[in-house]
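**Student:**
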Amino acid sequence: MVRVKICGITNSADAFAAIDAGANLLGFNFYEKSPRHITEAEAAKIRPRLPKKVEAVGIFVNASPAEVTALRKSLKLDAVQLHGDETPESVAQIARLMRVIKAFRVEPEFPLATLDEYPEAFAFLFDAAHTGQYGGTGRTTDWDVARRAALNRRIILAGGLKVENVAAAVRIVRPYGIDVASGVESEPGKKDPGLLHEFIQEVRRAERK
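In my numbering, the protein residues as written are 163 to 371.
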C-alpha cells in the first residue's frame, strides 16, 4: 500500500480531516520560515489525540540533533523528516535514536549515488528543487529520477502533487509513499477536506491498477 503523508498540519481540524480521508502519516513542520510552521505547544495539543494507526512526523530544516531529539521525545513523534542540508554524519547520529526520512530537492541530473551516503535513513523524500526554499513550493519533482530510485529504495514522492496528477505519479513512480501539502489546501496552512478525500481516493485507485 502506498502510504499517504499529509504535510503541514497546523490545527486539529485539519489533522482529523486528513485522518478521516484516510491519511497514514501527518507532518508537523517545525521550520519557522515555513507558512505551515507549527509550534511545539500547538503540536502538543494535537499529538495525543491521534489514533495509533496514524504516524506523526516532525519536519526539521538544518536543526541540531539535540533539538530534533528533544522534540521527538516531548511529542512522541514516530519519525522525523530532515528537509535541509543535513550531513550524512548528522543524519546517522539522529537515525541511531529514531526513524529518519531524509529529504532531497531533486533535479533531472540528481545523482542517485548521493543516497548511498545516507545508509541509516529509513526512507528518502524527493521534493522539487527550488533555490532557497525547503519544500512547499508546489513545483513538480522529476518523476523519472524518482522512478529509478524507487526500484530499490523507499521513496516518498513530493512536489506539486494534486488531485489531477497524483494517480499518474503513483503509476509511473511506484513510490513507497506520497507527500502532499499545497495540493490539498484552500490557502497555505489550511487543508480542504474535499481535496483531501479526492486526493487519497486517487492514490488508492491508482495503486489498484
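Cβ atoms here follow ideal geometry from the backbone N, Cα and C, with glycine treated the same way.
Going by beta-carbon coordinates alone, are residue 319 and residue 307 separated by less than 8 Å?
**Tutor:** If you number the sequence shown from 1, residue 319 lands on position 157. If you number the sequence shown from 1, residue 307 lands on position 145. Contact: no.
**Student:** With DSSP as the reference, label residue 233 as helix, strand or coil.
**Tutor:** Position 71 of the sequence shown, counted from the first residue, corresponds to residue 233. Residue 233: helix per DSSP, three-state reduction.
**Student:** Pull up the CB-CB distance for residue 189 and residue 243, whole angstroms please, since I reckon it's below 8 Å.
**Tutor:** Taking the sequence shown and counting its residues from 1, one reaches residue 189 at position 27. Taking the sequence shown and counting its residues from 1, one reaches residue 243 at position 81. Correct: roughly 7 Å between the Cβ atoms.
**Student:** Determine contact between the segment 269 to 277 and the segment 230 to 244, defined as no fewer than three beta-carbon pairs at a distance below 8 Å.
**Tutor:** Too few Cβ pairs lie closer than 8 Å, so no.
**Student:** Quick check on the burial criterion: 16 or more other C-beta atoms within 10 angstroms. Buried or exposed for residue 278?
**Tutor:** Position 116 of the sequence shown holds residue 278. Looking at its Cβ environment, which holds fewer than 16 other Cβ atoms inside 10 Å, residue 278 is exposed.
**Student:** Using a Cβ distance threshold of 8 Å, determine whether the segment 246 to 264 contacts the segment 196 to 212, with at least three qualifying pairs required.
**Tutor:** Judged by Cβ distances under 8 Å, the segment 246 to 264 makes no contact with the segment 196 to 212, as fewer than three pairs qualify.
**Student:** Rounded to whole angstroms, what is the Cα-Cα separation between residue 329 and residue 367?
**Tutor:** If you number the sequence shown from 1, residue 329 lands on position 167. If you number the sequence shown from 1, residue 367 lands on position 205. In a straight line, the C-alpha of residue 329 is about 7 Å away from that of residue 367.
**Student:** Can you tell which of 177, 311, 316 and 362 has its C-alpha closest to the C-alpha of residue 263?
**Tutor:** Locating residue 263 in the sequence shown gives position 101, where the first residue counts as 1. Looking at the Cα atoms, 316 is the closest of the given residues.
**Student:** For residue 241, which three-state DSSP category applies?
**Tutor:** Here the question's residue 241 lines up with position 79 in the sequence shown. It is a strand residue.
**Student:** Whose C-beta lies closer than 6 Å to the C-beta of residue 176 among residues of the same chain, with five residues either side of it excluded?
**Tutor:** Counting from 1 along the sequence shown, the entry for residue 176 is found at position 14. Correct list, in chain order: 353.
**Student:** From residue 225 to residue 173, what does the alpha carbon distance come to, in whole angstroms?
**Tutor:** Here residue 225 refers to the residue found at position 63 of the sequence shown. Here residue 173 refers to the residue found at position 11 of the sequence shown. If you take the alpha carbons of residue 225 and residue 173, they lie about 23 Å apart.
**Student:** So, for residue 223: in the same chain, excluding its five sequence neighbours on each side, which residues have a beta-carbon less than 7 Å away from its beta-carbon?
**Tutor:** As a first step, residue 223 is located in the sequence shown; it is residue number 61 there, counting from the start. Taken in chain order, the residues that qualify are 193, 245, 246 and 296.
**Student:** Quick one: what's got a C-beta closer than 7 Å to residue 337's C-beta in the same chain, skipping five residues either side?
**Tutor:** Mapped onto the sequence shown, residue 337 falls at position 175. Closer than 7 Å at the Cβ level, and outside the excluded window around residue 337, lie 164, 308, 312, 317, 318 and 319.
**Student:** Give the single residue among 355, 363 and 350 whose Cα lies nearest to the Cα of residue 327.
**Tutor:** Here residue 327 refers to the residue found at position 165 of the sequence shown. Closest by alpha carbon: 363.
**Student:** Between which two residues does the alpha helix (DSSP H) containing residue 202 stretch?
**Tutor:** The count along the sequence shown starts at 1 and reaches residue 202 at position 40. First-last of the alpha helix (DSSP H) with residue 202: 202 to 208.
**Student:** Under DSSP, the alpha helix (DSSP H) around residue 339 begins and ends at which residues?
**Tutor:** Position 177 of the sequence shown, counted from the first residue, corresponds to residue 339. No alpha helix (DSSP H) contains residue 339, which is instead part of the beta strand (DSSP E) from 339 to 342.
**Student:** Grab me the residues of residue 343's own chain with a C-beta within less than 7 Å of its C-beta, minus the 5 sequence neighbours each way, in chain order.
**Tutor:** In the sequence shown, residue 343 corresponds to position 181, counting from 1. Counting only Cβ-Cβ distances below 7 Å, and skipping sequence neighbours, we find 169, 170, 198 and 298.
**Student:** From 257, 283 and 205, pick the residue whose C-alpha is nearest to that of residue 227; which is it?
**Tutor:** Counting from 1 along the sequence shown, the entry for residue 227 is found at position 65. Of 257, 283 and 205, the residue nearest in Cα terms is 257.
**Student:** Mind checking whether residue 167 and residue 187 have CB atoms under 8 Å apart?
**Tutor:** Counting from one through the sequence shown, the residue named residue 167 turns up at place 5. Counting from one through the sequence shown, the residue named residue 187 turns up at place 25. Yes, these two residues count as a Cβ contact at 8 Å.
**Student:** Whose C-alpha, out of 217, 202, 191 and 205, is nearest the C-alpha of residue 181?
**Tutor:** By one-based count along the sequence shown, residue 181 stands at place 19. Minimum Cα distance to residue 181 is reached at 217.
**Student:** Leaving out five residues before and five after residue 305 in sequence, what residues of the same chain have Cβ atoms less than 7 Å from its Cβ?
**Tutor:** For this step, residue 305 is matched to residue 143 along the sequence shown. Result list for residue 305: 331, 334 and 335, in chain order.
**Student:** Note down, one range per segment and in chain order, each alpha helix (DSSP H) of at least 4 residues found wholly within the segment 280 to 331.
**Tutor:** Listed in chain order, the complete alpha helix (DSSP H) runs (minimum 4 residues) inside the segment 280 to 331 are 305 to 311.
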